[in-house]
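**Student:**
Protein chains in written order, with our numbering: chain A, 5 to 224; chain B, 166 to 359.
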């Protein structure tokens, strides 16, 4: 924890008085996640809104790609935030907030899988990928193909490796944080992340090679 | 985790960049609303509970202070009250002169009257004539009877015999008092020559 974070945590000034909402919102925007969570623990609902806006989409995408099912992702997403809300009184900033948040989400997902026993990765459950209309048609097609390749490669990864990759990309967690969030030792987390990266890179490069060879055929 | 490990992982721009282009999903608005509503309700309910129970602590403080003040005032209004040196009544010291004074007064009364005072006299003559070892247990608590009893005073001979026993017991003053009483009761009595 940095000295700035410590100072923010011990700042007892009320954040959200009736007349200072706008000022408080600007101030909370600058606060670190742990300080916001501590303010929410002390009863400041506006601090939670800032915290939620910061991390909601990345957490949702993490759960979406982990479960490969939008409905499961939404259920686990709400369950994770609900657990965080209920446990706010016991929150201690001993680790990075994102590590704490993604660990809660990871555990909720594991519990959900154990409860339902119906978890399966159906690729058609994720919304269809669409090209960005702002780009040129040829560029749009390339982007779409690349995303589809990565999406397909992600689905072929083992759950643990996909989990590690998503925690790295969506949560921004380090290897140590991934180990903490998933409850494994550092070497295991590092190995999973390396294997995931290698497989994704290989599958994308292989696809590029096949695509380039196909493109070259008509010109020859 | 060293920074080098993370850097090694980050060196593949294709995977990361493609993923970031791929991953653009956002949380559905109804889920947003549900989570934020839950968060606000949790804080509001907590505030309500805190408001309801917030007065308990100051009330307890005021009650404690009031009781303490009342106790102090009560103690200060008792002027001669003081703690005993030894609070245990079983071992509390009793002034030694209390019993000594009572014993002196009793002895003086016996000396003055030549017999036990009425309040200390035995309830009947049998008890009075019985030896100390045979009398009631409480009789042993009384000072040993000195002088001659009524039976000894029936005749001058027995009375004189009693006076001699008093002298032999080392009670010359009592014997002298008994002798004076004998002479008053039997003016013609003359002590036999031994």
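Every residue, glycine too, gets a C-beta built ideally from N, C-alpha and C.
(1) Relative to chain A, which residues along the segment 190-208 of chain B have a C-beta separation below 8 Å, given in chain order?
(2) In the structure shown, what three-state DSSP assignment does residue 243(B) receive?
(3) Is the number of C-beta pairs between the segment 94-112 of chain A and the segment 169-179 of chain A that are closer than 8 Å three or more?
(4) Contact criterion: CB-CB distance below 8 Å. Does residue 166(A) meet it with respect to chain B?
(5) Is there a Cβ of chain B sitting closer than 8 Å to that of residue 37(A), yes or no?
(6) Which same chain residues, not among the five before or five after residue 62(A), have their C-beta less than 6 Å away from its C-beta?
(7) Contact defined as beta carbons within less than 8 Å: I believe residue 342(B) pairs with residue 312(B). What is the distance between those atoms, to the nearest angstrom?
(8) Determine whether the Cβ of residue 181(B) lies closer than 8 Å to any Cβ atom of chain A.
(9) Pairing CB atoms from the segment 85-103 of chain A with CB atoms from the segment 41-61 of chain A, are three or more of them under 8 Å?
(10) If you scan the segment 143-210 of chain A from start to end, which runs of the alpha helix (DSSP H) of 4 or more residues do you find wholly inside it?
(11) Check whether the Cβ atoms of residue 101(A) and residue 37(A) lie closer than 8 Å to each other.
(12) Taking residue 340(B) as the reference, give the member of 353(B), 326(B) and 230(B) with the closest Cα.
(13) Considering Cα atoms alone, identify which of 163(A), 85(A), 188(A) and 202(A) is closest to residue 201(B).
(14) For residue 208(B), which of helix, strand or coil comes out of DSSP?
(15) Nearest-angstrom Cα distance between residue 226(A) and residue 44(A)?
(16) What do you get for residue 81(A), buried or exposed, if any count of 16 or more other CB atoms within 10 angstroms of its CB means buried?
(17) Using a Cβ-Cβ distance under 8 Å, would residue 150(A) count as near chain B?
(18) If we define contact as Cβ-Cβ less than 8 Å, is residue 47(A) a contact residue for chain B?
(19) Helix, strand or coil for residue 319(B), going by three-state DSSP, please let me know.
(20) Relative to the alpha-carbon of residue 185(A), which residue among 198(A), 169(A), 199(A) and 200(A) has its alpha-carbon at the smallest distance?
(21) Do residue 154(A) and residue 187(B) have their C-beta atoms closer together than 8 Å?
(22) Which two residues bound the contiguous alpha helix (DSSP H) that contains residue 50(A)?
(23) Put residue 25(A) into one of helix, strand or coil per three-state DSSP.
(24) Taking residue 221(B) as the query, report the chain A residues whose CB atoms sit under 7 Å from its CB, ordered along the chain.
(25) Quick one: using the 10 Å Cβ neighbour count with 16 as the cut-off for buried, is residue 227(B) buried or exposed?
**Tutor:** Looking at the atomic coordinates:
(1) Cβ contacts with chain A come from 190, 191, 192, 193, 196, 197, 199, 200, 201, 203, 204, 205, 207 and 208.
(2) Translated into the one-based positions of the second chain, residue 243(B) becomes position 78. Residue state, collapsed to three classes: coil.
(3) Of all C-beta pairs linking the segment 94-112 of chain A to the segment 169-179 of chain A, three or more are shorter than 8 Å, placing the two stretches in contact.
(4) Residue mapping note: residue 166(A) aligns to position 162 of the first chain, counting from 1. Residue 166(A) has a beta carbon lying at 8 Å or more from every beta carbon in chain B.
(5) The residue labelled residue 37(A) in the question sits at position 33 within the first chain. Cβ-Cβ to chain B under 8 Å: no for residue 37(A).
(6) As a working note, residue 62(A) is residue 58 in the first chain. Cβ neighbours of residue 62(A) beyond the five flanking positions: 174.
(7) Along the second chain, one-based indexing puts residue 342(B) at 177. Along the second chain, one-based indexing puts residue 312(B) at 147. Between residue 312(B) and residue 342(B) the Cβ distance is about 7 Å, and since that is below 8 Å, they are a contact.
(8) Looking up residue 181(B) in the second chain gives position 16. At a cut-off of 8 Å, the C-beta of residue 181(B) has a neighbouring C-beta in chain A.
(9) Yes: the two stretches touch, three or more of their Cβ pairs being nearer than 8 Å.
(10) Segments of the alpha helix (DSSP H) lying fully in the segment 143-210 of chain A: 163-173 and 179-186.
(11) Indexing the first chain from 1 puts residue 101(A) at position 97. Indexing the first chain from 1 puts residue 37(A) at position 33. Yes, the pair counts as a contact, with Cβ atoms nearer than the cut-off.
(12) Translated into positions along the second chain, residue 340(B) becomes position 175. Among 353(B), 326(B) and 230(B), the Cα nearest to that of residue 340(B) belongs to 326(B).
(13) Here residue 201(B) is taken as the residue at index 36 of the second chain, counted from 1. When each option's Cα is compared against that of residue 201(B), the closest is 85(A).
(14) What you label residue 208(B) is simply residue 43 of the second chain in a count that begins at 1. Residue 208(B): helix per DSSP, three-state reduction.
(15) Because chain A in this structure spans residues 5 to 224, residue 226(A) falls outside the shown range and cannot be described.
(16) Translated into positions along the first chain, residue 81(A) becomes position 77. By the neighbour-count rule (16 or more Cβ atoms within 10 Å), residue 81(A) is buried.
(17) Position 146 of the first chain, counted from the first residue, corresponds to residue 150(A). Interface with chain B (8 Å Cβ-Cβ cutoff): residue 150(A) is included.
(18) Here the question's residue 47(A) lines up with position 43 in the first chain. By this cut-off, residue 47(A) is an interface position.
(19) On the second chain, position 154 is the one that residue 319(B) refers to. Looking at residue 319(B) - three-state DSSP - the assignment turns out to be helix.
(20) The residue labelled residue 185(A) in the question sits at position 181 within the first chain. Looking at 198(A), 169(A), 199(A) and 200(A), the one whose alpha-carbon comes closest to that of residue 185(A) is 169(A).
(21) Taking the first residue of the first chain as 1, we reach residue 154(A) at position 150. Taking the first residue of the second chain as 1, we reach residue 187(B) at position 22. In contact: residue 154(A) and residue 187(B) (Cβ atoms closer than 8 Å).
(22) Working through the first chain from its first residue, we reach residue 50(A) at position 46. Where residue 50(A) is concerned, the enclosing alpha helix (DSSP H) stretches over 49-71.
(23) Sequence index remark: in the first chain, residue 25(A) carries index 21 (1-based). Note on residue 25(A): pLDDT 45, under 50, position unreliable in the model; no value is reported.
(24) Translated into positions along the second chain, residue 221(B) becomes position 56. The contacting residues do not exist; residue 221(B) stays about 18 Å from chain A at best.
(25) Locating residue 227(B) in the second chain gives position 62, counting from the first residue. The Cβ neighbour count for residue 227(B), taken over all protein chains shown within 10 Å, is under 16; the residue is labelled exposed.
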